[in-house]
Structures are given as structure tokens and as C-alpha cells.
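S.K.:
2 protein chains.
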Amino acid sequence: MINKIVLIGAGNLATHLTIALNKSSKKVVQIYSRTRKSAKELADKISCKYTNNILEIDRNSDLYIIAVSDKAIENLLKTKVMNDKFIVHTAGSVNMNIFKNYTNNYGVFYPLQTFSKKREVDFSEIPMCIEANNDNNLNLLKTLSSEISKDIRLINSEQRKQIHLSAVFACNFVNHMYSIAYDLLEKNDVNFDILKPLITETTNKIYNNNPHDLQTGPAIRNDKKVIKNHIELLSHSKKYKKLYSFVSKSIYKFANKLNK
Amino acid sequence: MINKIVLIGAGNLATHLTIALNKSSKKVVQIYSRTRKSAKELADKISCKYTNNILEIDRNSDLYIIAVSDKAIENLLKTKVMNDKFIVHTAGSVNMNIFKNYTNNYGVFYPLQTFSKKREVDFSEIPMCIEANNDNNLNLLKTLSSEISKDIRLINSEQRKQIHLSAVFACNFVNHMYSIAYDLLEKNDVNFDILKPLITETTNKIYNNNPHDLQTGPAIRNDKKVIKNHIELLSHSKKYKKLYSFVSKSIYKFANKLNK
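Below is the structure:
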């Protein structure tokens with residue numbers, strides 16, 4: 020049974036995860052962060068201990084959740100303070116095997132969502148992608164995740180990498196398209212809110228369909244006149260012009276199964 | 020006062036618009052479409068007349084709404100059957116001046132939304148972008164639009180072009196990103212629904228913020244290791260690899276105000 024948890028990290032994900040766990044019957048007993056201020060800030064939210072000295076972390080915890088940047092994980096492991104403990108990380112693109120030289124009990128606890136400090140999130144809807152090095156640990160993680168989410172998925176490291184990559188397309192790249200739309204409208208004194216019903220519909224549509232079947236617009240119709248007009252409208256910005264042409268071609272190639 | 024309307028076109032937009040207008044006190048009295056079958060299909064939905072012969076359109080209507088492809092508008096005007104009538108089109112990227120050699124009463128009636136035949140839409144939420152050649156006609160269009168939508172916007176032809184272009188980024192390009200995410204997950208036996216909470220959050224976030232301030236992911240952090248790993252994961256597809264690099268660079272340039 021996992022009852023006591025140490026949270027390594029105090030960023031956006033660590034913060035939301037700590038708060039969600041603390042609402043359940045599982046308790047985060049200590050927060051570690053490189054910076055004392057961040058550690059304290061998060062610890063104060065749930066009234067638990069904190070430290071910025073990795074040597075001072077509680078050695079009697081049932082689970083150590085590492086929620087730091089991908090690059091920082093290995094360095095934390097090298098301190099050996101978590102050796103032989105049950106350790107998980109929360110990263111989309113880091114293989115579970117990163118733990119194998121440090122402990123016999125390990126896994127991954129990856130909530131698939133984008134977290135911002137200021138926005139509350141409903142953890143119960145977030146897909147929890149879990150993986151563990153044996154059945155016992157997997158069961159422990161299943162029980163733990165079901166305390167905070169109703170969407171538990173068994174995902175291996177290879178699949179998780181692909182999910183993380185897909186999330187870059189569906190979240191980061193999508194947000195970039197929104198940014199450009201915002202910028203174009205702002206330059207022409209049009210409020211971005213005019214696009215919101217369209218954006219909502221574009222998103223709602225894919226919930227019951229393969230987005231491939233829903234592609235519309237000048238690129239898929241190969242409507243050269245509209246494409247040319249749009250590129251002219253973008254003449255003030257080389258980078259938008261290039262992006263417009265590039266993505267338009269990609270849409271056309273995708274629809275026509277060209278792989279160049 | 021506009022009471023009798025002839026609808027020129029029977030595609031997705033024409034269909035949804037006809038149905039919305041017919042629910043109001045304004046009546047579509049006739050549908051024209053190049054193909055008799057499509058004209059009949061739409062006319063049957065609201066029990067009105069129809070024709071596939073442009074010479075047979077009702078000459079006593081108060082308004083002619085042209086809802087056909089951009090390319091087809093001019094050819095319809097050249098038949099001169101609508102000469103001197105009050106004519107509007109519904110196109111994002113066609114200038115209002117297209118009418119000026121044919122009539123003294125004209126305008127634009129552009130509902131900013133993506134329409135699919137099978138999906139119902141709530142017209143009341145759709146921004147109606149209107150423009151007219153004089154105040155009287157503008158008032159007529161204002162009254163007409165307020166019968167079907169609560170979001171009426173006065174938008175000139177230049178702004179409308181920019182809105183249409185922005186919509187390509189925020190709708191067509193976004194859908195392409197979803198298509199690629201879908202494809203990557205499908206190839207790895209992961210159901211696309213795993214991304215839905217993330218997609219919903221990505222969209223909800225921008226409703227109160229400039230998307231530029233919300234950009235996350237490896238590209239904006241310039242996290243070369245993750246970017247390299249992702250590109251490796253895409254080695255099976257040249258086009259995805261190129262798109263990934265291209266959009267990542269664009270995100271970085273956008274954030275750092277580079278214009279190359």
C-alpha cells in the first residue's frame with residue numbers, strides 16, 4: 020500500500036499533482052525542490068514538510084514521484100538517496116528503464132495534460148498513463164491513480180513516447196496556429212473572440228470522427244487562387260508566408276498519401 | 020424590409036443558412052443549384068420552390084444570397100438575371116466590389132463557421148460578418164442577421180480577408196495537426212481519445228488569454244534533446260519529420276521575434 024509520498028519537484032505538474040493527491044487518502048509528506056522558495060510555496064499549500072537538500076528527503080516513504088524536467092531526472096538518481104525505493108517519474112518521453120540501475124521497484128506515472136500554474140484542473144478527467152517494472156508495482160500505481168483519476172491507462176514506454184509526440188502536434192503546434200491567427204487579427208483591429216465559435220466547432224467535430232475525414236479549406240481543395248491570395252496577404256511576414264505554404268502542402272500531401 | 024429571399028447554392032453553408040433563415044420570420048422562397056438534385060434536396064427541407072435553371076429564378080425577391088464557391092460567383096453575376104437586385108455573397112475572401120458592375124444594392128453576409136452537412140449548428144452563436152454598399156442596405160442586413168444570430172459584426176472586405184486567413188490557421192491547420200496526432204497514435208495502437216482532455220484544455224485556455232502567452236512544449240524551451248528524439252520517432256515519415264522541424268522552428272522564431 021502506498022500511503023506516504025515524497026514529491027520531487029515543485030513546478031506546474033508537481034503542484035497540480037500534489038494538490039490532487041492530497042485530496043485523496045494518499046498523503047504527500049514532503050516536497051523537494053532545488054529552490055527553497057518553490058519547495059516552501061508548494062509545501063505550504065498542503066501543510067507538509069519541505070527541503071531543498073536532496074540528502075534530507077524522507078527515507079521512509081512508500082513512493083517517490085519525480086516531477087522535474089526530463090534532463091534533471093538522471094542527476095537526481097545519481098545522488099543515490101532514492102536507491103532501492105519505489106520511484107516513478109511523470110515524463111512523457113523518458114523511458115522507464117532510466118531507473119533500473121538504481122532500484123528494483125519503479126514505474127511511470129504520466130498524467131497527459133498541459134498544466135499552467137494559474138489554471139485549476141480537474142484531475143479526474145486526466146488520462147493517467149501508468150507503467151511499472153512488475154505486476155505488484157503496477158497494481159500499486161493502479162490503486163494510486165484511481166484515487167485521483169477515473170481514466171487509467173496501461174501504456175508502455177514506446178507508446179508513451181508516441182503519445183507525447185502526438186501531444187506536441189495536438190497541443191503545442193495547435194496553440195502556435197492560434198497565436199498566428201491572433202496576431203493577424205490584432206494587426207487588423209479584429210478581436211480574436213470572433214474565431215472562438217469556429218475553434219470550438221473544429222475541436223468538437225473531432226470527438227466522434229477521424230480528423231482526417233473533416234479536413235476543409237483551400238489546401239485540401241487545392242484552391243490555388245485562394246492560396247495565392249492568402250500568401251499575398253502574408254507578404255509582411257516571411258515566416259508566416261513560409262508556414263502557410265508549408266502546412267498547406269502538407270495537408271495536400273496527407274490527403275493524397277504523398278510521402279515526400 | 021427583406022421578406023422574400025432566393026438562395027443561390029445548395030452546399031453545406033447554403034443548407035445551414037436556409038434552415039436558419041426559415042426558422043426566422045424571413046422566408047427563403049426558392050433555391051437555385053446547378054444540379055437539380057441538390058436544389059430539390061434542400062428545397063424539400065423547407066418546402067419551397069427550386070430550379071437548376073438560373074433564368075428561372077424568382078425576379079421579385081427582396082434579397083439574393085449567393086452561397087456558392089468563390090470561383091462560381093462571377094459567372095452567376097454574368098448571367099445578369101440578378102441585375103439591379105439586392106445581392107449578397109457569403110464568402111470570406113471575395114471583395115464586396117465584385118457586385119458593383121451588376122447592381123446598386125449589394126453587400127456581404129459571411130457566417131464565420133465551418134459547416135458539415137451531417138452536423139447541426141447553432142446559428143445563434145455564429146459571428147455574422149456583414150458589409151454593405153450603403154447605410155440602408157447595411158441596416159437591412161443587420162436586421163436580417165439579428166434574426167438568426169446574436170453576434171453581428173460590421174466587417175469590411177479587407178478585415179474579412181484577414182479573418183478568413185486567420186480561420187485557415189485556427190481551423191484548417193489545427194485540424195491537420197489533429198490528423199497527424201491521430202495517425203501517430205493509431206500506428207501505435209493507442210486510441211485518439213486519450214488526447215481529448217488535452218485538446219479541450221488547449222482550446223479552453225485561449226478563451227481568456229493571448230495564445231502567445233500560453234505556448235508550451237519542447238520548441239519554445241528549445242529543448243534540443245526532446246526535439247531530436249521526436250524527429251527520430253518520425254523517421255518513418257519524411258513529411259511528418261519536415262513538418263515537425265518546420266513548425267518547431269516557427270514557434271521558436273515567433274517567441275523570439277525573428278522574422279526569417
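Heads up: the protein sequence lines correspond to chains A and B, in order. For the first sequence, the working numbering assigns the number 20 to the initial residue and increments by one for each residue that follows. For the second sequence, the working numbering assigns the number 20 to the initial residue and increments by one for each residue that follows. Cβ atoms here follow ideal geometry from the backbone N, Cα and C, with glycine treated the same way. For clarity, every value in this text was computed on a predicted model and none was experimentally measured.
Could you give the residue range of the beta strand (DSSP E) that holds Lys68(A)?
M.R.: Unbroken beta strand (DSSP E) run through Lys68(A): Lys68 to Thr70.
S.K.: Which one of Leu131(A), Ile92(A) and Lys97(A) has the shortest CA to CA distance from Met115(A)?
M.R.: Among Leu131(A), Ile92(A) and Lys97(A), the Cα nearest to that of Met115(A) belongs to Ile92(A).
S.K.: Span of the beta strand (DSSP E) holding Gln49(B)?
M.R.: Taken as a continuous stretch (DSSP letters only), the beta strand (DSSP E) holding Gln49(B) covers Lys46 to Tyr51.
S.K.: For Asp63(A) and Gly30(A), what's the separation of their Cα atoms in angstroms?
M.R.: For Asp63(A) and Gly30(A), the distance between alpha carbons rounds to 14 Å.
S.K.: Nearest chain B C-beta to Gly236(A) closer than 8 Å, yes or no?
M.R.: Cβ-Cβ to chain B under 8 Å: yes for Gly236(A).
S.K.: Under the three-state reduction of DSSP, which class applies to Lys23(B): helix, strand or coil?
M.R.: Looking at Lys23(B) - three-state DSSP - the assignment turns out to be strand.
S.K.: Using beta-carbon positions only, say whether Leu74(A) and Val107(A) come within less than 8 Å of one another.
M.R.: No, the pair does not count as a contact, with Cβ atoms beyond the cut-off.
S.K.: Less than 8 Å between the beta carbons of Ile50(B) and Ala39(B), yes or no?
M.R.: Cβ atoms of Ile50(B) and Ala39(B): not closer than 8 Å.
S.K.: May I ask you to report which of helix, strand or coil DSSP gives Val245(A)?
M.R.: Correct three-state label for Val245(A): helix.
S.K.: Tell me, which residues are paired with Gly126(A) by DSSP?
M.R.: Answer is Val107(A) and Ala151(A).
S.K.: With a cut-off of 8 Å on the beta carbons, I'd call Asp81(B) and Phe105(B) a contact; round off their distance for me.
M.R.: Their Cβ separation, rounded to whole angstroms, is 6 Å, which keeps Asp81(B) and Phe105(B) in contact under 8 Å.
S.K.: Where do the ends of the alpha helix (DSSP H) carrying Leu217(A) lie?
M.R.: First-last of the alpha helix (DSSP H) with Leu217(A): Lys215 to Lys224.
S.K.: What do you get for Leu204(A), buried or exposed, if any count of 16 or more other CB atoms within 10 angstroms of its CB means buried?
M.R.: By the neighbour-count rule (16 or more Cβ atoms within 10 Å), Leu204(A) is buried.
S.K.: Is Ile145(A) helix, strand or coil when you go by DSSP?
M.R.: Coil, per DSSP.
S.K.: With a threshold of 6 Å on Cβ separation, who are the neighbours of Pro237(B) within its own chain once the five nearest residues in sequence on each side are excluded?
M.R.: Answer for Pro237(B): Val245 and Ile246, listed in chain order.
S.K.: Are there three or more Cβ pairs, one per stretch, closer than 8 Å when the region 131-140 of chain A is compared with the region 84-103 of chain A?
M.R.: The region 131-140 of chain A is not in contact with the region 84-103 of chain A.
S.K.: Using beta carbons (cut-off 8 Å, strictly below), is Leu40(A) in contact with chain B?
M.R.: No, its Cβ sits nowhere closer than 8 Å to a Cβ of chain B.
S.K.: Quick check: the region 215-233 of chain B against the region 174-184 of chain A, are at least 3 beta-carbon pairs closer than 8 Å?
M.R.: Touching, no.
S.K.: Report the residue from Asn175(A), Asn155(A) and Ala151(A) whose alpha carbon sits nearest the alpha carbon of Ile84(A).
M.R.: Among Asn175(A), Asn155(A) and Ala151(A), the Cα nearest to that of Ile84(A) is on Ala151(A).
S.K.: Out of Ser52(A), Arg55(A) and Val47(A), which has the shortest C-alpha to C-alpha gap to Ile65(A)?
M.R.: Selected option, being the one with the closest Cα: Val47(A).
S.K.: Assess contact between the region 118-126 of chain B and the region 189-196 of chain B, defined as three or more Cβ pairs (one per stretch) separated by less than 8 Å. Is contact present?
M.R.: Contact between the region 118-126 of chain B and the region 189-196 of chain B is absent, because fewer than three Cβ pairs lie under 8 Å.
S.K.: Check the Cβ of Leu173(B) against every Cβ in chain A and list those closer than 8 Å, keeping chain order.
M.R.: What Leu173(B) touches in chain A: nothing, since even the nearest Cβ is about 11 Å away.
S.K.: Establish whether the CB of Asn248(A) and some CB of chain B are separated by less than 8 Å.
M.R.: Yes - at least one Cβ of chain B is within 8 Å of the one on Asn248(A).
S.K.: Taking the DSSP output, what are the residues bridged to Arg172(A)?
M.R.: Cys148(A), per the DSSP bridge assignment.
S.K.: Show which residues of chain A have a CB atom less than 8 Å away from the CB atom of Ile218(B).
M.R.: Ordered by position in chain A, the residues that pass the 8 Å Cβ test against Ile218(B) are Ala189, Cys190, Val193, Thr222 and Ile225.
S.K.: For Lys257(B), count the other beta carbons within 10 Å of its own beta carbon; 16 or more makes it buried, fewer makes it exposed. Which is it?
M.R.: By the neighbour-count rule (16 or more Cβ atoms within 10 Å), Lys257(B) is not buried but exposed.
S.K.: Inspect the beta-carbon positions of Ala110(A) and Ile27(A) and report whether they are closer than 8 Å.
M.R.: Against a cut-off of 8 Å, the Cβ pair of Ile27(A) and Ala110(A) comes out as no contact.
S.K.: Is Met20(B) close to chain A, meaning its C-beta is less than 8 Å from at least one C-beta of that chain?
M.R.: Not an interface residue.
S.K.: Starting from the C-beta of Asn22(B), find all residues in its chain whose C-beta is less than 7 Å away, skip the five residues before and the five after it, and write them out in chain order.
M.R.: Result list for Asn22(B): Lys45, Lys46 and Asp81, in chain order.
S.K.: Over what stretch of residues does the beta strand (DSSP E) that includes Leu82(A) continue unbroken?
M.R.: Residues Leu82 to Ile85.
S.K.: Does Thr98(B) pass the burial test, meaning 16 or more other C-beta atoms within 10 Å, or should it be called exposed?
M.R.: Thr98(B) should be labelled exposed.
S.K.: What's the gap between the Cα of Asn155(A) and the Cα of Glu144(A)?
M.R.: Whole-angstrom Cα-Cα distance: 25 Å.
S.K.: Measure the beta-carbon distance from Gln132(B) to Pro216(A) and round it to whole angstroms, keeping in mind my assumption that it falls under 8 Å.
M.R.: Confirmed, about 6 Å.
S.K.: Per DSSP, what kind of secondary structure is Tyr121(A) in: helix, strand or coil?
M.R.: Three-state result, Tyr121(A): coil.
S.K.: Would Asn207(A) pass as an interface residue toward chain B - the criterion being a Cβ-Cβ separation below 8 Å?
M.R.: Yes, Asn207(A) lies at the interface with chain B (some Cβ there is under 8 Å from its Cβ).
S.K.: Which value, in whole angstroms, describes the spacing of the CA atoms of His255(A) and Val25(B)?
M.R.: C-alpha separation (whole angstroms): 40 Å.
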